[in-house]
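Here the structure is laid out as structure tokens; the discussion comes afterwards.
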Amino acid sequence: MQRDDVIWSAINSQFCSCKIKCNFGRNEYNVTGFCNRQSCPLANSRYATVREKEGVLYLYVKTIERAHTPAKMWEKIQLPENYSKALEQIDKELIYWPNFTIHKCKQRVTKITQYLIKMRRMKLRQEPKLVGVKKKLERPLSAAHLEKSIEKELIGRLKGEKQEKEQVEAEEELSMEDDETEEEEEEEEEEEEEMEGEFVSDLSDLEDVVVSFDSLLSCSLCTDTLQDEVSEDEAEDLKGPKVSVEYKQELESLPISRSELANW
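Under our numbering, the first residue of the sequence shown carries the number 4, and numbering increases by one thereafter.
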């Protein structure tokens with residue numbers, strides 16, 4: 004037959020694997036977390052606690068009738084998700100149990116429901132997950148990341164330099180083309196000016212030709228009149244004494260206007 008006082012005296016005075024300093028107990032079925040006579044699940048043949056597995060609450064009950072079968076010592080009862088209904092079920096299952104056990108089980112239910120609600124809220128926030136990394140793998144991985152980052156940076160710099168060179172070459176080509184176009188325009192302007200000067204000189208040459216032609220016409224008329232006068236004088240000389248007469252006449256060329264030149 005199991006004796007709770009004998010078990011507790013042995014555990015309390017001697018070694019216990021579940022006992023921690025400052026009177027804390029790390030047994031998974033401990034309802035309060037303290038290592039004392041009322042809270043110890045090993046030294047109490049009648050014991051009850053509440054545990055959570057994958058978000059579901061279960062009431063674990065231990066009775067002395069199942070002490071001879073340690074594998075079936077704890078009876079597992081699922082509690083509803085509703086908080087008030089879970090408390091009512093605890094009262095029904097532990098109706099003749101001591102008040103200390105009932106009160107501690109209800110306290111444990113409230114704590115577990117609170118942290119479950121908090122976990123759901125944290126999942127909705129979508130915060131970044133923390134992943135553990137082994138220290139032995141940290142250094143080679145960090146070195147590999149450094150090499151990759153350096154390689155990417157060098158490639159980016161080379162690409163940037165190539166783009167800058169291409170931009171400079173394109174700008175130089177554009178400036179050369181602009182200079183060539185400006186030179187061609189200047190040459191065309193000079194040729195046009197030369198053509199205008201030649202046209203004006205041609206007009207002046209034409210004016211000189213017209214003036215010389217008019218002077219020739221006037222000279223021919225003058226010579227005809229002189230020949231007529233000379234023939235008359237010769238006839239008179241045949242009748243009387245011969246007298247030599249010399250005629251000198253200056254011919255002046257009259258200027259011709261541009262309108263007459265155009266009509267000519």
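Glycine is no exception: its CB is placed at the ideal position from the N, C-alpha and C atoms.
All of these numbers come straight from a predicted model, not from anything done at the bench.
- Using a Cβ distance threshold of 9 Å, cysteine 43 and phenylalanine 27 do not count as a contacting pair.
- The beta-carbon separation of phenylalanine 103 and glutamine 5, rounded to 20 Å, does not stay under the 8 Å limit for a contact.
- Taking the C-beta atoms as reference points, tyrosine 86 is found nearer than 9 Å to valine 112.
- Residue pairing of glutamate 78 in beta bridges, as defined by DSSP: Val64.
- With at least 16 other beta carbons inside 10 angstroms of its own, methionine 76 counts as buried.
- Here alanine 70 carries a coil assignment [DSSP, helix/strand/coil].
- Closest by C-alpha distance to tyrosine 61, out of Asn15, Ala173, Ile93 and Cys25, is Ile93.
- With a beta-carbon spacing of about 19 Å, alanine 46 and isoleucine 105 fall beyond the 8 Å limit used to define contacts.
- Annotation for threonine 66: Ser48, Arg49 and Glu78 place their beta carbon closer than 8 Å to its own, counting only its chain and skipping 5 residues before and after.
- In this structure, the straight-line span from the alpha carbon of valine 134 to that of glutamate 172 is close to 50 Å.
- In the three-state scheme derived from DSSP, where H, G and I count as helix and E and B as strand, valine 9 is classed as helix.
- For cysteine 21 against asparagine 30, the beta-carbon gap comes to about 4 Å, under 8 Å, which counts as contact.
- Here isoleucine 80 is not near glutamate 68, since their CB atoms are 9 Å or more apart.
- The straight-line gap separating the alpha-carbon atoms of glutamate 180 and glutamine 170 is approximately 15 Å.
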